[in-house]
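Listed in order, the protein sequences are those of chains A and B.
Convert by adding 10 to the 1-based position in the first sequence; the result is the number in this note's numbering.
Convert by adding 67 to the 1-based position in the second sequence; the result is the number in this note's numbering.
Presented below is the structure to which this report refers.
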Amino acid sequence: MKYIDEFRQKNAAQAILKKIHEISKKKCNIMEICGTHTHAISKYGIRNALPPNICLISGPGCPVCVTSAGDVNRVIEFSKREKDVILATFGDMMRVPGTESSLQEQKAAGRDIRVVYSPLGAIDIAMAKPEKEVILFAVGFETTVPTVAATVLMAKDKGIKNFSVFALHKLTPPAMKALLDLGELNLHGFICPGHVTTIIGANAYRFIAEDYHAPCVVAGFEPLDAIHGLYMLVKQLEEGRNDIEIQYKRVVTWNGNVKAQKIIEQVFEICDSSWRGIGTIPMSGLRLKEEFADFNAEKRFGIKSETFEKPLDMILDLRLDNGDLKSEIQTGCACGEVLRGLLIPNQCPLFGKVCSPETPVGPCMVSFEGTCAAYYKYEFLQST
Amino acid sequence: MCLGVPGKIIEIKDMMANVDVAGAKKETCLMLLDDVNVGDYIIIHAGFAIQKVNEKEAQETLRIMNDLIKGMPQ
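This is how it looks when you write it as structure tokens:
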């Protein structure tokens with residue numbers, strides 16, 4: 011396949027890995043933000059092929075995993091209360107646990123909850139069922155946001171009245187900043203997400219290099235891309251440089267997809283957002299602008315906002331009195347720590363024992379993109 | 068999940084394209100891109116084309132990796 015086979019050559023991968031071994035001297039912690047990178051790194055055995063002084067830490071780059079239990083609870087409460095609506099959601103969200111239930115359990119209990127591959131699928135349902143209200147439960151990072159924004163514009167253009175969006179979108183650079191400010195991890199550099207950056211452009215990470223002196227490389231998802239991206243980052247670290255570099259140049263530019271950015275700006279505005287395991291991160295989410303209030307499910311149906319709005323530095327308190335983290339402590343699930351990069355999955359007492367992809371306890375195992383799912387699928391044997 | 072497999076545009080009708088992704092045909096919305104043509108390779112996310120694949124840059128990246136492997140100066 012074009013653009014795939016060229017970037018999966020085994021000999022080239024081994025040769026670049028050898029180069030990494032040759033140049034790498036410093037002990038360094040590198041975070042790969044994106045869940046798809048986490049999977050590529052696990053799937054192709056890259057983690058174990060690196061020199062022991064390079065530690066790869068998985069970041070909070072799985073949208074399903076970082077959706078707070080509080081937000082999942084709000085959607086579940088909504089689906090229980092409004093019996094005459096159709097809830098459209100991306101597939102991975104179905105099994106994500108709220109405090110007491112999941113969308114899958116609600117569907118089993120008779121609620122009309124449907125999986126869509128694209129936000130456009132929700133419009134199709136709305137057009138086919140004009141007597142029903144169709145609500146799109148929209149999670150996702152900057153890659154997904156323009157697809158939802160474009161769908162809202164399309165619905166407005168077509169005069170579709172029975173469609174609205176419950177938007178829980180999240181932004182990547184503020185989360186990177188939050189993790190750096192939190193200071194729990196001694197991070198030396200980032201492998202930045204390929205397709206998020208396709209939209210926002212690599213310039214979005216300038217502040218990380220300039221203010222935090224951490225280099226960033228935007229890499230693609232094929233094994234050669236990931237390994238080459240790591241080589242570029244290790245080279246910067248060894249040379250003491252803090253630059254932003256693009257490895258995935260066939261798709262990523264410095265300014266991103268400007269048309270998509272304009273569509274996002276037309277429909278959404280920035281707001282605070284609640285992240286599972288991290289807490290509320292200022293200016294890290296998106297909500298529909300007032301002029302699109304007709305498409306805002308929270309406003310249309312009077313869905314209560316999430317109650318906790320505590321700042322990030324109160325995270326230890328949140329662990330005690332916030333519903334979502336408390337519930338995780340009760341089950342012993344360490345997804346919060348995994349999402350902040352403090353624990354690797356096999357350090358969680360539940361991993362591979364009571365928590366597996368068949369019977370997931372926390373969201374990092376539920377989602378195909380989650381760090382625990384990647385470790386279970388590809389690295390379980392090595393980790394036990 | 069970000070699907071890294073680029074698709075090739077087979078046919079365009081208004082805002083929608085028929086795209087061949089590894090042999091599977093996908094209906095894809097082109098609303099987020101300008102200047103897209105039949106034959107272009109695109110990255111698809113949630114039913115939308117989010118970027119065209121730049122052939123020149125792909126070749127350049129392969130050349131850089133090749134030079135690195137051969138020990139040429141970076």
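Ideal placement from N, C-alpha and C gives every residue a C-beta, glycine not left out.
Spatially closest choice to residue i from the options, by CA coordinates
i: Phe173/A; options: Val158/A, Glu300/A, Arg286/A; result: Val158/A
i: Ser89/A; options: Glu141/A, Gln114/A, Ala383/A; result: Gln114/A
i: Gly120/A; options: Leu97/A, Ala22/A, Leu243/A; result: Leu97/A
i: Leu129/B; options: Gln246/A, Asp102/A, Glu232/A; result: Glu232/A
i: Ile26/A; options: Lys35/A, Ala59/A, Ile135/A, Gly204/A; result: Ala59/A
i: Leu99/B; options: Glu110/A, Pro61/A, Pro156/A; result: Pro156/A
i: Ala132/A; options: Gly114/B, Gly90/B, Val86/B; result: Gly114/B
i: Val144/A; options: Gly287/A, Pro355/A, Leu181/A, Asp134/A; result: Asp134/A
i: Thr77/A; options: Ala185/A, Lys53/A, Val149/A; result: Val149/A
i: Val277/A; options: Ala165/A, Asp102/A, Ile14/A; result: Ala165/A
i: Glu92/A; options: Arg350/A, Phe311/A, Glu368/A, Tyr385/A; result: Phe311/A
i: Asp253/A; options: Ala118/A, Ala188/A, Ile218/A; result: Ile218/A
i: Leu192/A; options: Asn63/A, Ala136/A, Gly351/A, Cys281/A; result: Gly351/A
i: Ile273/A; options: Gly287/A, Lys117/A, Leu298/A; result: Leu298/A
Same chain only: Cβ atoms within 8 Å of residue i, ignoring 5 sequence neighbours per side
i: Asn196/A; result: Asn39
i: Arg57/A; result: Ile51, Leu66, Glu389
i: His238/A; result: Ile26, Ala229, Gln257
i: Ser112/A; result: Val82, Ile86, Met104, Arg105, Val106
i: Ile77/B; result: Ala84, Asn85, Val86, Asp87, Lys92, Val105
i: Leu190/A; result: Leu197, Ile218, Tyr222, Ala224
Sequence-distant residues of its chain with Cβ nearer than 6 Å to residue i (five each side left out)
i: Tyr108/B; result: Pro73, Lys75, Val120
i: Val85/A; result: Phe147
i: Ala344/A; result: Leu353, Cys358
i: Glu347/A; result: Leu353
i: Asp327/A; result: Note on Asp327/A: pLDDT 36, under 50, position unreliable in the model; no value is reported.
i: Cys365/A; result: Val371, Met375
i: Ile325/A; result: Caution applies to Ile325/A, whose pLDDT of 39 falls short of 50 and renders its modelled position unreliable; the value that the coordinates give is listed next. Hits under 6 Å: Gly289.
i: Glu255/A; result: Val227, Met242
Neighbourhood of residue i by C-beta distance below 7 Å, restricted to the same chain and skipping five residues each side
i: Leu130/A; result: Thr161
i: Leu247/A; result: Lys36, Cys38, His198, Gly199, Pro225
i: Ala22/A; result: Leu234
i: Leu360/A; result: Gly342, Cys343, Val371
i: Ala270/A; result: Pro156, Ile209
i: Asp167/A; result: none
i: Gly101/A; result: Val125
Inter-residue CB distance, residue i and residue j (contact presumed, cutoff 8 Å)
i: His47/A; j: Ala229/A; result: 7 Å
i: Lys75/A; j: Ser377/A; result: First, the residue type needs correcting, since residue 75/A is Cys and not Lys in the sequence shown. Yes, they are in contact, since the Cβ atoms of Cys75/A and Ser377/A sit about 5 Å apart, within 8 Å.
i: Pro183/A; j: Ala214/A; result: 5 Å
i: Leu181/A; j: Glu152/A; result: 6 Å
i: Gly295/A; j: Asp282/A; result: 6 Å
As assigned by DSSP and simplified to three states, the class of residue i
i: Val88/B; result: strand
i: Met82/B; result: coil
i: His112/B; result: strand
i: Gly239/A; result: helix
i: Leu27/A; result: helix
i: Phe217/A; result: helix
i: Gln357/A; result: helix
i: Asp334/A; result: A caution first: Asp334/A carries a pLDDT of 49, below 50, which makes its placement in the model unreliable, though a value can still be read off. DSSP places Asp334/A in helix when its eight states are reduced to three.
i: Val82/A; result: helix
i: Lys75/B; result: strand
i: Asn153/A; result: The question names Asn, but residue 153/A in the sequence shown is Thr. It is coil, neither helix nor strand.
i: Glu127/B; result: helix
i: Thr290/A; result: strand
i: Leu113/A; result: helix
i: Arg297/A; result: strand
i: Cys345/A; result: helix
i: Ile136/B; result: helix
i: Glu143/A; result: strand
i: Cys395/A; result: Nothing can be reported for residue 395/A, as the shown portion of chain A is limited to 11 through 394.
i: Glu248/A; result: helix
i: Glu368/A; result: coil
Residue i - partner residues in DSSP beta bridges
i: Ala148/A; result: Ala177/A
i: Asn306/A; result: Val175/A
i: Glu94/B; result: Asn85/B
i: Thr77/A; result: Trp285/A
i: Cys226/A; result: Phe200/A, Ile254/A
i: Lys119/B; result: Ile109/B
i: Met41/A; result: Ile67/A, Phe200/A
i: Ile123/A; result: Leu97/A
i: Glu279/A; result: Arg297/A
Below-8 Å beta-carbon distance, residue i vs any chain C residue
i: Ile26/A; result: Among the protein chains of the structure shown, namely A and B, there is no chain C.
Proximity test, residue i beta-carbon vs the ligand GTP heavy atom, cut-off 7 Å
i: Ala59/A; result: Looking for the ligand GTP in the displayed structure turns up nothing, as the structure carries no ligands at all.
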